[in-house]
Amino acid sequence: MKDTTIQYETRLNALQQAKALELPSREAMLSRSPSVAKFWDENRYLLSDAWAEWEKGEADKLFTLDESLLDAKLRAAVEQAWENPETELSVKALLEEVSQDVFQFQLFDPERLADLRHYLDAVANANIPLRPPYGIALNRGGAMLDKRSEGFLAAPSFQSLYQQLLDQYMRPIARLLFPEILGYDTQTFGFSIRYEAGVDTSLRLHTDASSVTLNVNINRPEESFTGSEVDFYDPATGNMNRLSFKPGVAMIHRGNVAHAAQPIRSGERSNLVLWLYGDRGLTPFKGNPAGDYDAHQRWTMPSNDYDDVAPF
Numbered sequence: 000m001k002d003t004t005i006q007y008e009t010r011l012n013a014l015q016q017a018k019a020l021e022l023p024s025r026e027a028m029l030s031r032s033p034s035v036a037k038f039w040d041e042n043r044y045l046l047s048d049a050w051a052e053w054e055k056g057e058a059d060k061l062f063t064l065d066e067s068l069l070d071a072k073l074r075a076a077v078e079q080a081w082e083n084p085e086t087e088l089s090v091k092a093l094l095e096e097v098s099q100d101v102f103q104f105q106l107f108d109p110e111r112l113a114d115l116r117h118y119l120d121a122v123a124n125a126n127i128p129l130r131p132p133y134g135i136a137l138n139r140g141g142a143m144l145d146k147r148s149e150g151f152l153a154a155p156s157f158q159s160l161y162q163q164l165l166d167q168y169m170r171p172i173a174r175l176l177f178p179e180i181l182g183y184d185t186q187t188f189g190f191s192i193r194y195e196a197g198v199d200t201s202l203r204l205h206t207d208a209s210s211v212t213l214n215v216n217i218n219r220p221e222e223s224f225t226g227s228e229v230d231f232y233d234p235a236t237g238n239m240n241r242l243s244f245k246p247g248v249a250m251i252h253r254g255n256v257a258h259a260a261q262p263i264r265s266g267e268r269s270n271l272v273l274w275l276y277g278d279r280g281l282t283p284f285k286g287n288p289a290g291d292y293d294a295h296q297r298w299t300m301p302s303n304d305y306d307d308v309a310p311f
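Using numbering that gives the first Met the number 0, the first residue of the sequence shown is number 0, and each one after it goes up by one.
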């Protein structure tokens with residue numbers, strides 16, 4: 000009985016306990032200190048409980064995240080394609096190729112980004128430790144989004160929207176554009192980033208450890224910024240194509256497409272970045288045959304179990 004009482008009190012006070020934790024230093028995170036991994040591992044369940052408790056306590060102040068945040072035309076076309084995959088060309092018609100193998104489309108309704116940003120601003124002010132992404136660089140304003148990541152954003156309604164974006168939207172759209180990734184799209188990964196003028200610098204030319212990457216801007220329409228464009232390498236011309244983000248607009252491309260971010264000159268840019276890749280981190284090799292898949296195979300969920308390996 001005593002152990003049960005202790006467990007109940009621990010769950011009941013998870014939010015208070017989480018807020019009292021001292022986040023590892025920036026230096027420790029950048030150096031990949033073993034103490035950092037230990038911190039997130041030891042507090043994994045406490046933090047998940049804290050996020051659930053926090054969201055419940057904020058329920059009367061926050062919009063419940065759901066598909067209504069998404070662009071109406073895209074939502075209707077995707078819903079129709081799940082019912083009848085033969086209609087998938089209606090989805091493809093909403094996608095514009097803006098550089099070789101780089102496509103752009105309206106994912107979020109710009110007028111609804113205020114609700115999403117209000118939620119994420121509340122997350123940032125919750126004082127619950129979140130692990131920033133530190134792959135190529137440690138982004139000060141970002142967070143890990145996938146449950147396989149240390150210190151991820153475990154708030155239940157956010158996780159529901161996150162999985163919906165990956166499973167209902169990103170994966171079938173990626174298969175439609177890049178057929179060879181089917182089978183190399185069973186695992187998920189995600190993080191948020193925020194670039195601030197005078198704080199964050201450019202991101203050097205790189206490729207992603209993904210089969211497909213989706214990068215969506217979540218700035219509100221009135222939140223302007225300059226700079227912070229993304230350059231994509233075009234193998235057909237050998238040139239770099241410079242593309243700018245607009246509120247709610249997503250760019251989707253193969254992970255092996257080289258790209259770089261320019262310095263932000265004014266304002267702030269906030270984005271969600273989502274990855275798909277195969278079991279054990281496998282991605283298609285360059286020139287991998289597309290395979291003979293039809294629309295009905297594209298609009299399905301993988302049967303593979305989720306693994307627990309995060310790329311970074």
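We put the beta carbon where it would ideally sit given N, CA and C, even for glycine.
Just so it is clear, the structure is predicted and the values come from calculations on it, not from any experiment.
Reduced DSSP category for residue i - H, G, I as helix; E, B as strand; rest coil
i, result
"Leu-275", "strand"
"Leu-64", "coil"
"Leu-204", "strand"
"Glu-195", "strand"
"Asp-166", "helix"
"Met-28", "helix"
"Tyr-305", "coil"
"Ser-269", "strand"
"Gln-15", "helix"
"Leu-160", "helix"
"Gln-261", "coil"
"Ile-251", "strand"
"Leu-242", "strand"
"Tyr-292", "coil"
"Gly-189", "strand"
"Tyr-232", "strand"
"Gln-79", "helix"
Proximity to residue i [Cα-Cα], best of the options
i, options, result
"Ala-147", "Glu-57, Ala-27, Asp-40, Ser-223", "The sequence shown places Arg at residue 147, rather than the Ala named in the question. Cα-wise, what sits closest to Arg-147 is Asp-40."
"Ala-123", "Ser-98, Asp-100, Phe-151", "Phe-151"
"Ser-159", "Glu-82, Leu-144, Ile-172, Ala-173", "Leu-144"
"Ala-257", "Arg-241, Leu-271, Gly-266", "Arg-241"
"Ser-24", "Ala-17, Ser-32, Lys-72", "Ser-32"
"Tyr-118", "Leu-281, Arg-279, Pro-155, Arg-174", "Pro-155"
"Leu-273", "Ile-192, Ala-71, Arg-203", "Ile-192"
"Arg-297", "Leu-14, Asn-218, Asp-184", "Asp-184"
"Pro-262", "Leu-88, Ala-309, Pro-301, Glu-195", "Glu-195"
C-alpha gap between residue i and residue j, whole angstroms
i, j, result
"Ser-47", "Asn-255", "33 angstroms"
"Tyr-7", "Ala-153", "With a pLDDT of 46 at Tyr-7, under the threshold of 50, the modelled position of that residue is not reliable, and the figure given next carries that caveat. Roughly 20 angstroms between the two C-alpha positions."
"Gly-247", "Asn-216", "5 angstroms"
"Tyr-161", "Ala-249", "14 angstroms"
"Asn-238", "Asn-270", "25 angstroms"
"Asp-166", "Phe-231", "26 angstroms"
"Glu-96", "Glu-52", "43 angstroms"
"Glu-179", "Trp-50", "37 angstroms"
"Gly-280", "Ala-113", "35 angstroms"
"Glu-110", "Leu-181", "33 angstroms"
"Val-101", "Val-211", "10 angstroms"
"Gln-186", "Phe-107", "23 angstroms"
"Leu-45", "Ser-34", "17 angstroms"
"Leu-22", "Ala-260", "28 angstroms"
Pair within 8 angstroms by beta-carbon distance, residue i and residue j
i, j, result
"Leu-68", "Phe-157", "no"
"Pro-128", "Phe-190", "no"
"Ser-227", "Tyr-276", "no"
"Gln-105", "Leu-73", "yes"
"Val-90", "Leu-175", "yes"
"Asp-278", "Asp-306", "yes"
"Phe-244", "Arg-268", "yes"
"Ala-289", "Glu-85", "no"
"Ser-223", "Gly-266", "yes"
"Asn-126", "Lys-18", "yes"
*Could you tell me whether the segment 164–183 touches the segment 70–85, where touching means 3 or more Cβ pairs closer than 8 angstroms?*
Yes, the segment 164–183 touches the segment 70–85.
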